[in-house]
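Notes to accompany the following structure.
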Amino acid sequence: MQDQILIEMTGVQKWYGGYQALRNVDLTVRKGEKIVLCGPSGSGKSTLIRCINRLEAIQQGSIVVNGHRLDDSKAIDVVRQDVGMVFQSFNLFPHMTVLQNCMLAPIRARRISKTEAEATARKYLERVRIGDQANKYPAQLSGGQQQRVAIARALCMQPKVMLFDEPTSALDPEMVKEVLDTMIGLANDGMTMICVTHEMGFARQVADRVIFMAEGQIIEEGEPGAFFRNPQHARTRQFLGEILAHH
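Numbering (the numbering used here), first residue to last: 12 to 258.
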């Protein structure tokens with residue numbers, strides 16, 4: 012079962028007007044795989060993962076998620092239920108409690124009862140070690156806690172894949188670890204994950220594959236040991252040199 016393909020991107024091209032954000036991207040993600048996407052700002056990493064749940068439409072190529080082709084409008088709703096997404100900014104509803112934030116989508120999209128939604132929400136809030144904050148409002152929480160609520164909220168839809176778009180980049184340094192620890196826990200539980208991040212320690216610890224992007228293309232990919240020890244491409248070496256100099 013481990014080699015079940017969950018996501019298949021073939022020849023994906025994406026433009027914003029005259030600017031080409033993705034150039035001929037091929038990517039296959041298998042069930043249970045953890046992938047870290049890295050690369051300089053503007054290299055297409057965030058665009059790539061936003062295409063996987065059709066937050067961005069592509070102009071050429073194909074994307075199949077869990078057997079559904081994304082150019083079929085009926086498939087998009089199904090895919091969005093299967094694909095959890097955690098953004099840089101937490102995107103929590105400020106007028107709802109933590110618990111209500113987590114219950115909203117399952118009730119609306121999965122049509123489950125309030126009782127079941129609440130039980131699921133409490134389970135995942137415990138899972139991200141924030142169960143005692145269920146009745147607070149987002150503004151009463153730290154950034155790290157809000158991001159963990161955002162992770163719990165995505166998990167409440169019981170997705171098959173989790174996408175993380177620089178989930179720690181808006182956080183104060185002392186809060187980064189609590190969010191990464193939560194993500195490491197998910198990875199250890201076997202969740203299929205694609206993470207756009209500059210946290211190379213996390214990549215070393217968790218990733219099955221590290222993918223380096225530049226100018227809308229996948230330049231290099233490999234398992235973390237080889238990728239960090241012996242990058243093949245000059246662009247990769249330059250990027251890793253800059254990242255490691257900053258950390």
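We put the beta carbon where it would ideally sit given N, CA and C, even for glycine.
In this structure, the alpha-carbon of G142 lies about 10 Å from that of A163.
Listed in chain order, the beta strand (DSSP E) elements of length 3 or more contained wholly in the region 60-128 are 71-76, 94-97. At the C-beta level, F101 and Q157 come within 9 Å of one another. Within the region 162-236, the complete alpha helix (DSSP H) segments of 4 residues or longer fall at 184-199, 211-217, listed in chain order. Of the candidates S124, R122, A128, D93, A128 places its Cα closest to the Cα of M114. Three or more pairs of CB atoms, one per stretch, sit closer than 8 Å, so the region 196-203 contacts the region 169-179. When the Cα atoms are used, D37 and I222 turn out to be separated by approximately 12 Å. DSSP, read as helix, strand or coil, puts A145 in coil.
For R246, the uninterrupted alpha helix (DSSP H) segment begins and ends at 245-257. In the three-state reduction of the DSSP assignment, V47 falls in the strand class, which pools E and B. For I229, the CB contacts under 8 Å within the same chain, skipping 5 residues up- and downstream, are V36, D37, L38, I222, F223 in chain order. By the C-beta density criterion, E185 is exposed, having fewer than 16 other C-beta atoms within 10 angstroms. Contact between G154 and A181 holds: their C-beta atoms lie close to 7 Å from each other, under 8 Å. K25 is classed as buried because its beta carbon has at least 16 other beta carbons within 10 Å across all chains shown. The count of Cβ pairs closer than 8 Å, one atom from the region 90-99 and one from the region 62-75, reaches three, so the stretches are in contact.
DSSP, read as helix, strand or coil, puts G28 in coil.
Per the DSSP secondary-structure output, V36 pairs in a beta bridge with V23. The three-state secondary structure of R41, taken from DSSP, is strand. Inter-residue distance for V217 and R140 is about 20 Å (C-alpha atoms, whole angstroms). About 24 Å separates the Cβ atoms of G233 and A32, ruling out a contact at the 8 Å cut-off. The beta carbon of I87 sits closer than 6 Å to those of R65, all from its chain and outside the five residues before and after it, given in chain order.
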